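Undergrad:
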Amino acid sequence: MNSRTLRKDEAAAATELGYIFTFLLGVLLLTMFSLWAYEIETATRERWNENAIRSNLDDLAAAVERADEASRIGSVDYAEKVTWRLTEADETQMTIVLTDTSIELIDEGGTLDTNVSISGTGAGGHQGTVVLAGITSVWIVHSDGVTTLQYDRPQYQS
Numbered sequence: 001m002n003s004r005t006l007r008k009d010e011a012a013a014a015t016e017l018g019y020i021f022t023f024l025l026g027v028l029l030l031t032m033f034s035l036w037a038y039e040i041e042t043a044t045r046e047r048w049n050e051n052a053i054r055s056n057l058d059d060l061a062a063a064v065e066r067a068d069e070a071s072r073i074g075s076v077d078y079a080e081k082v083t084w085r086l087t088e089a090d091e092t093q094m095t096i097v098l099t100d101t102s103i104e105l106i107d108e109g110g111t112l113d114t115n116v117s118i119s120g121t122g123a124g125g126h127q128g129t130v131v132l133a134g135i136t137s138v139w140i141v142h143s144d145g146v147t148t149l150q151y152d153r154p155q156y157q158s
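Number 56 in our numbering belongs to position 56 of the sequence shown; there are no gaps in the numbering.
(1) Which whole-angstrom value describes the C-beta separation of T139 and K81, a residue pair presumed to lie in contact below a C-beta threshold of 8 angstroms?
(2) If you run the structure through DSSP and keep just helix, strand and coil, what is I135?
(3) Spatial neighbours of I53 within its chain, please: C-beta separation below 7 angstroms, excluding the five flanking residues on both sides.
(4) Classify A14 as buried or exposed, calling it buried when 16 or more other Cβ atoms lie within 10 Å of its own Cβ.
(5) Starting from the Cα of S117, find the closest Cα among H126, L132 and G110 and give me that residue.
(6) Just how far apart, CA to CA, sit R47 and G110?
(7) From L6 to T22, what does the alpha carbon distance come to, in whole angstroms?
(8) Just how far apart, CA to CA, sit T83 and N56?
(9) Ordered along the chain, which non-local residues of its own chain (more than five positions away) have a Cβ less than 6 angstroms from that of G120?
(10) Counting only runs of 3+ residues fully inside the region 54–116, write out the beta strand (DSSP E) ranges in chain order.
(11) Going by the CB atoms, is the gap between L132 and L98 shorter than 9 angstroms?
(12) To the nearest angstrom, report how far apart A70 and I96 are at their CA atoms.
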């Protein structure tokens, strides 16, 4: 007859503990990799937004300078469409303000506030405010001695 007795075997328990610690180490390494990849993606997106906004403002400033140059010719009307490069930022919270010496971007919901200087050497003043929610272009218009920012192209009046 076979007699069985219980014996104290700790080898199996040590193996199981090794499996658990190996699993936890894998989870830790995957978590660290995920956080690292997320930080790289976030930094890339922020850099893209900053570069796109800077390029957009530079394009607007160049168009304002051309409108100022046209205003110095005399009684001239001038209009130019500037295409707005899309960003991943919340553009419903962004406003562009044209002043006599700068174009300012005001970001109500973040840290993308910036401005670009303009010469302000036109024959008239500068004014205008545009909220960027849902727009794909901004019009720079010089008419009646004032350079403005507008959503739509100016209409011909006979």
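In this text, a Cβ means the ideal position worked out from N, Cα and C, and glycines have one as well. Since the structure is predicted, the reported quantities are computational estimates derived from the model, not experimental observations.
TA: Based on what the coordinates show:
(1) Here the question's residue 139 lines up with position 139 in the sequence shown. Here the question's residue 81 lines up with position 81 in the sequence shown. Going by the sequence as given, residue 139 is Trp instead of Thr. Indeed, because the Cβ distance is near 6 angstroms, the residues count as touching under 8 angstroms.
(2) The count along the sequence shown starts at 1 and reaches residue 135 at position 135. Coil.
(3) To locate residue 53, count along the sequence shown from 1; it is residue 53. Counting only residues of its own chain and dropping the five nearest sequence neighbours on each side, I53 has a CB closer than 7 angstroms to the CB of T87, L105, L112 and T114.
(4) Counted from its first residue, the sequence shown places residue 14 at position 14. Exposed, because fewer than 16 other Cβ atoms sit within 10 Å of the Cβ of A14.
(5) As a position in the sequence shown, residue 117 is number 117, starting the count at 1. Minimum Cα distance to S117 is reached at H126.
(6) Position 47 of the sequence shown holds residue 47. Position 110 of the sequence shown holds residue 110. So the two alpha carbons sit approximately 14 angstroms from each other.
(7) On the sequence shown, position 6 is the one that residue 6 refers to. On the sequence shown, position 22 is the one that residue 22 refers to. Going from the Cα of L6 to the Cα of T22 covers about 29 angstroms.
(8) Taking the sequence shown and counting its residues from 1, the one referred to as residue 83 is at position 83. Taking the sequence shown and counting its residues from 1, the one referred to as residue 56 is at position 56. Each residue's Cα considered, the two are about 8 angstroms apart.
(9) As a position in the sequence shown, residue 120 is number 120, starting the count at 1. Excluding residues within five positions, the ones whose Cβ falls inside 6 angstroms are D100 and T101.
(10) 78–83, 94–98 and 102–107
(11) For the purposes of this step, residue 98 is identified with residue 98 of the sequence shown, where counting begins at 1. For the purposes of this step, residue 132 is identified with residue 132 of the sequence shown, where counting begins at 1. Cβ distance not < 9 angstroms, so L98 and L132 don't count as in contact.
(12) Locating residue 70 in the sequence shown gives position 70, where the first residue counts as 1. Locating residue 96 in the sequence shown gives position 96, where the first residue counts as 1. The straight-line gap from Cα to Cα measures roughly 22 angstroms.
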